[in-house]
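In the working numbering, the protein residues as written are 167 to 491.
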């Protein structure tokens, strides 16, 4: 994601890429070389900020478990920050980020990028207009491959991995806070967790079922199957994110090129990732209010924490009993 955001920042007329700092020396260095900007290794983000005082904003796209330190350093330096989801992998880290952003008076935004997918934006607009009446139920399904899980296993609770996408969508669409959380998981071979199913009860009375599965074998077709539906008292909205509108068949294989996240269109990166960066640049320039507030990011982290706690305790968790620790 860091490489993707760097390319978009370099292409955009609203931004100028100043420098790249990365833990993965080879990958990050190659990105910096390709875009002809200085490169800083590992934890040298403080040196990067000191060497380039003209930096106004920083995009933090480190691994999920490594957001807290660089975000804290950037906020402390008075830089606006766009951080990959989830904001943090603990409520306490997320709370510190929110407080520091408030103290320094800078913008802190989380990459809940699906809000910039026109399909999900249209879903939100339909619900806000009252097209489907009062929300009764939300359902989401998001699957991934075991190979993707291998990158993160054992590094942080998997409640913070894929679920934040769908937690944020459910919160955003409903406009209501979560009251209670019950989570279930299944362990596969060698007791390796390979799915999480969550039931959320909202303060408005609506229910949400969030399903994440990454334990099934990789297969041709659409291994990253996704679905998001909202049902109300007078109608429903259904979003099919995996329907890209194009299929490429090569012998026995089939591919579905990206047409929404970050498609390449005539040498330019388009899609919701570009819309996210453009929106953040406008927020930094006070052109419009942020679509994603620090409180939105914190709310997702708190629900993810409750999911993890429910899995550990094997019972329903009431959000009012959760502490930011």
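Yeah, the Cβ is synthetic: ideal placement off N, Cα and C, and Gly gets one too.
What you are looking at is a predicted structure, and each value in this text was computed from that prediction instead of being measured.
When DSSP builds the beta bridges, which residues end up paired with residue i?
i	result
residue 377	307 and 363
residue 250	277
residue 139	Beyond the ends of the chain as shown, which are 167 and 491, falls residue 139; an answer cannot be given.
residue 207	188
Can you tell me which of the three DSSP states residue i falls into?
i	result
residue 432	coil
residue 486	helix
residue 461	helix
residue 302	strand
residue 334	helix
residue 344	strand
residue 322	coil
Can you tell me whether residue i is buried or exposed, with buried defined as 16 or more other CB within 10 angstroms of its CB?
i	result
residue 217	exposed
residue 454	exposed
residue 296	exposed
residue 420	exposed
residue 370	exposed
residue 343	exposed
Have a look at the options and flag the residue whose alpha-carbon is nearest the alpha-carbon of residue i.
i	options	result
residue 497	192, 472 and 463	With the chain represented from 167 up to 491, any question about residue 497 goes unanswered, as that position is not in the structure.
residue 226	382, 246 and 220	246
residue 350	432, 420, 435 and 478	478
residue 229	419, 174, 208 and 461	208
residue 280	266, 369, 251 and 178	251
residue 325	284, 197 and 379	379
residue 321	360, 255, 394 and 337	255
residue 376	400, 345, 408 and 329	329
residue 285	382, 451, 416 and 395	395
residue 473	416, 461 and 488	488
residue 425	418, 415, 416 and 408	408
residue 283	383, 451, 335 and 381	335
Counting only beta-carbon atoms, is residue i nearer than 8 Å to chain D?
i	result
residue 222	Of the protein chains in this structure there is only one, and it is not chain D.
Notebook entry, point to check: Does the segment 185–196 come within contact of the segment 434–447, defined as at least 3 CB pairs closer than 8 Å?
Noted result: no
Note to self: Assess contact between the segment 207–214 and the segment 255–274, defined as three or more Cβ pairs (one per stretch) separated by less than 8 Å. Is contact present?
What the structure shows: no
Note to self: Quick check: the segment 428–440 against the segment 303–320, are at least 3 beta-carbon pairs closer than 8 Å?
What the structure shows: no
Next item on the list: Say whether the segment 286–302 touches the segment 462–476, bearing in mind that this needs 3 or more beta-carbon pairs closer than 8 Å, one atom from each stretch.
Entry: no
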